[in-house]
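If you read the sequence shown in the UniProt record's numbering, its first letter stands for residue 1, the second for the next number, and so on.
Think of the CB as a built atom: it goes at the ideal place given N, C-alpha and C, for glycine as much as any other residue.
Bear in mind the structure is a predicted one, so any value in this text is a computation, not a measurement.
This report concerns only the one structure given below.
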Amino acid sequence: MTERKPAGMRSEDWVERQIREARERGAFDNLEGAGKPLRGLNRTFTSEEWARDWVQRSGGDLEALLPPLLILRKERAALLTALPTFASEKVLRDTIADFNHRLLDQYRRPMDGPLIAVGVLDADETVEQWRATRPEIPQNPDPEPTPLPASGLRHRLRRLVRRTD
């Protein structure tokens, strides 16, 4: 549909002509959903519902439609739930610093949606919680010393001891 509307032709007539020519060329044959009824025609449809349905059909993430502070609140809860999975204190502290930085940055911006209270994570307190949730590492007692073989090292050690006497 790159051709321009001829001067003096009504827009409606020109659009109808474009559709008729496309139909004759077969441009509408074998389209996805051809012959199937349109969903939801019997109910009112808001722009929010349309956006949600479009994101779902496209395979997108519905959380992208949430206000930024609500996303951060959910992320904070998920982070605290996942504390035992952190491999080291450094990784946890880096994750907390990144979260707090993004949260404070969001609070500094003009509000995009409702004001939702999300608390900054205290690194030391969260690390203490992490330590409390970690499984106890069993303390191995000192292993029994392995006896030296009769020949070899024991013999050499005796010779060294004799030389120093």
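Original post:
Mapping DSSP to helix, strand and coil, what is residue 90?
Top reply: Position 90 of the sequence shown, counting from 1, holds the residue named residue 90. Three-state result, residue 90: helix.
- [ ] Kindly indicate the opening and closing residues of the alpha helix (DSSP H) around residue 123.
- [x] Here residue 123 is taken as the residue at index 123 of the sequence shown, counted from 1. Taken as a continuous stretch (DSSP letters only), the alpha helix (DSSP H) holding residue 123 covers 123 to 133.
- Go ahead and pull the three-state DSSP assignment for residue 176. In the structure as shown, the chain begins at 1 and stops at 165. Residue 176 is therefore absent and cannot be evaluated.
May I ask you to report which of helix, strand or coil DSSP gives residue 74?
-> Position 74 of the sequence shown holds residue 74. The answer is helix: DSSP assigns residue 74 an H, G or I state.
The alpha helix (DSSP H) that contains residue 55, what's its start and end? Here residue 55 refers to the residue found at position 55 when the sequence shown is read from its first residue. Here the alpha helix (DSSP H) through residue 55 covers 47 to 58.
**OP:** Going by CA-CA distance only, name the one from 111, 103, 81 that's closest to residue 126.
**Re:** Here residue 126 corresponds to residue number 126 of the sequence shown, with the count starting at 1. Checked all of 111, 103, 81; the closest Cα to residue 126 is 81.
Worksheet entry | First through last residue of the alpha helix (DSSP H) which encompasses residue 15 | If you number the sequence shown from 1, residue 15 lands on position 15. Note, residue 15: alpha helix (DSSP H), 11 to 25.
Exercise. Keeping to the same chain, check which residues put their C-beta closer than 6 Å to that of residue 52; ignore five residues upstream and five downstream.
Key: As a working mapping, residue 52 is identified with position 52 in the sequence shown. There are no such residues.
Review point. Which term fits residue 104, buried or exposed, when burial requires 16 or more other beta carbons within 10 angstroms of its beta carbon?
Key: Along the sequence shown, read from residue 1 onward, the residue named residue 104 stands at position 104. Its Cβ having fewer than 16 others within 10 Å, residue 104 is exposed.
Checklist entry - What did DSSP end up calling residue 6 once you bin it into helix, strand or coil? => result The residue you call residue 6 lines up with position 6 of the sequence shown. In the structure shown, residue 6 sits in coil (DSSP, three-state: anything other than H, G, I, E or B).
Practice problem: Would you identify the three-state DSSP class for residue 108, choosing helix, strand or coil? | Solution: Residue 108 sits at position 108 when you count from the first residue of the sequence shown. If DSSP states are grouped into helix, strand and coil, residue 108 belongs with the helices.
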